[in-house]
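Asks:
Residue numbers (my numbering): 44 to 325.
1) So, do the stretch 53 to 71 and the stretch 284 to 298 have three or more beta carbon pairs nearer to each other than 8 Å?
2) Measure the beta-carbon distance from residue 268 to residue 253 and round it to whole angstroms, keeping in mind my assumption that it falls under 8 Å.
3) Which residue's Cα is closest to the Cα of residue 192: 270, 220, 248 and 208?
4) In this structure, how does DSSP classify residue 274 when only helix, strand and coil are distinguished?
5) Between which two residues does the alpha helix (DSSP H) carrying residue 189 extend?
6) What number of angstroms, rounded off, separates the C-alpha of residue 356 from the C-alpha of residue 233?
7) Are there 16 or more other CB atoms within 10 angstroms of the CB of residue 245, so buried, or fewer, so exposed?
8) To the nearest angstrom, how far is the alpha carbon of residue 200 from that of residue 189?
9) Run through the stretch 235 to 304 for me and flag every whole beta strand (DSSP E) of 3 or more residues, listed as ranges in chain order.
10) Under a Cβ-count criterion, where at least 16 other Cβ atoms within 10 Å of its own Cβ denotes burial, should residue 216 be classed as buried or exposed?
11) Any idea which residues DSSP pairs residue 142 with across the strands?
12) Taking its Cβ as the centre, do 16 or more other Cβ atoms sit within 10 Å of residue 86, making it buried, or is it exposed?
13) To which residues of the same chain is residue 257 closer than 8 Å at the C-beta, ignoring the five residues directly before and after it?
14) Assuming residue 279 contacts residue 175 under a Cβ cut-off of 8 Å, what Cβ separation, rounded to an integer in Å, is found between them?
15) Indicate the three-state DSSP secondary structure (helix, strand or coil) for residue 47 in the structure shown.
16) Run the CB neighbour count on residue 230, radius 10 Å, all protein chains shown included, and call it buried at 16 or more, exposed below.
17) Mind checking residue 321: buried by the 16 CB within 10 Å criterion, or exposed?
18) Is residue 61 helix, strand or coil by DSSP?
19) Span of the alpha helix (DSSP H) holding residue 224?
20) Around the C-beta of residue 300, are 16 or more other C-beta atoms found within 10 angstroms, so that it is buried, or is it exposed?
21) Taking just the CA atoms, how far does residue 284 sit from residue 49?
22) Determine the direct distance from the alpha carbon of residue 228 to that of residue 135, and round the result to whole angstroms.
23) Taking the continuous alpha helix (DSSP H) assigned at residue 105, which residues delimit it?
24) Once DSSP output is grouped into helix, strand and coil, what is the label at residue 115?
25) In the DSSP assignment, what residue or residues form a beta bridge with residue 123?
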């Protein structure tokens, strides 16, 4: 089905926003799927590039859409790749104009997650700690491995290592925490989430998940889940070579919300990338 999806990008001047703009505007992007028309590129009103062409800001040539702080009313979907402090205004604008929303911003507070859940009663929203299709597939695999090994003789030790660039402000990553949440659910019972180790910690317990955050250079994101048993181990590794995987995943989520495959937009609800991939438990 060849149709046009009118897209607004919130945080369009940021690193990820620029990649969303660039991939959405690419002529050869998903040639057999619905195309995107960028109808708004939104950022903070004090941004130094305010008023410039969004395509030039993204380094791809003119798009005839300027960087603005004004929200459109005609957009089919919004992709938010901004900052936690900017998300509330984005959600409020989408509620006001009735625009479906993809939230790719990470590091959200519990209050903001509750706000998304409430907004999901009125709007279709996709939110996930990672937009990467490979990461979300790996999460499903990690849960399946845990289910298979949780009662193995001698037990299984599960550790989560995550690597990101030196500029990342939160640790561990939301993606690592989501891996841990899914693994804990598969383990069943009480689970201790241990963040790093130092000093005389004593013997590792059977019911803990360890987290280790590494911050190096310009690493766009890498997660390794270690399943250690007596005599053998499994290491599940998923790594991004650049940030385009997150932008591509957000665009896939936007397409899914707009329903171009069957022509039916999704109803109000808070969805995740498992829904987009057709792997929801429900």
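All C-beta atoms in this analysis are idealised placements derived from N, C-alpha and C, irrespective of residue type, glycine included.
As the structure is a computational prediction, the values presented were derived from the model and not from experiment.
Replies: On the basis of the coordinates in this document:
1) Segments in contact, yes.
2) Wrong, their Cβ atoms sit about 11 Å apart, outside the cutoff.
3) When each option's Cα is compared against that of residue 192, the closest is 270.
4) DSSP, reduced to helix, strand and coil, places residue 274 outside both helices and strands of the structure shown, so it counts as coil.
5) Per DSSP, residue 189 is one residue of the alpha helix (DSSP H) stretching across 176 to 192.
6) Any answer about residue 356 is impossible in this case: the structure gives the chain only from 44 up to 325.
7) Residue 245 is exposed by the Cβ-count criterion.
8) Residue 200 and residue 189 have their C-alpha atoms spaced approximately 10 Å apart.
9) Counting only runs of 3 or more, we get 235 to 238, 251 to 258, 265 to 272 and 275 to 282.
10) By the neighbour-count rule (16 or more Cβ atoms within 10 Å), residue 216 is buried.
11) By DSSP's assignment, residue 142 forms no beta bridge with any residue.
12) Burial check for residue 86: the Cβ neighbour count within 10 Å reaches 16 or more, so the residue is buried.
13) In chain order, 204, 205, 206 and 207 place their CB closer than 8 Å to the CB of residue 257, counting only its own chain and leaving out the 5 sequence neighbours on each side.
14) Between residue 175 and residue 279 the Cβ distance is about 14 Å, and since that is not below 8 Å, they are no contact.
15) Three-state result, residue 47: strand.
16) Residue burial is scored here from C-beta neighbours: residue 230 has at least 16 other C-beta atoms within 10 angstroms and is therefore classed as buried.
17) Exposed, since its Cβ has fewer than 16 Cβ neighbours within 10 Å.
18) Looking at residue 61 - three-state DSSP - the assignment turns out to be helix.
19) Membership of residue 224 in the alpha helix (DSSP H) is indicated by the continuous run 217 to 230.
20) Buried is the label assigned to residue 300, since at least 16 other Cβ atoms lie within 10 Å of its Cβ.
21) Rounded to whole angstroms, the gap between the alpha carbons of residue 49 and residue 284 is 29 Å.
22) C-alpha separation (whole angstroms): 33 Å.
23) DSSP places residue 105 outside any alpha helix (DSSP H), giving it a letter other than H or E.
24) In the structure shown, residue 115 sits in coil (DSSP, three-state: anything other than H, G, I, E or B).
25) Answer is 53 and 146, bridged to residue 123.
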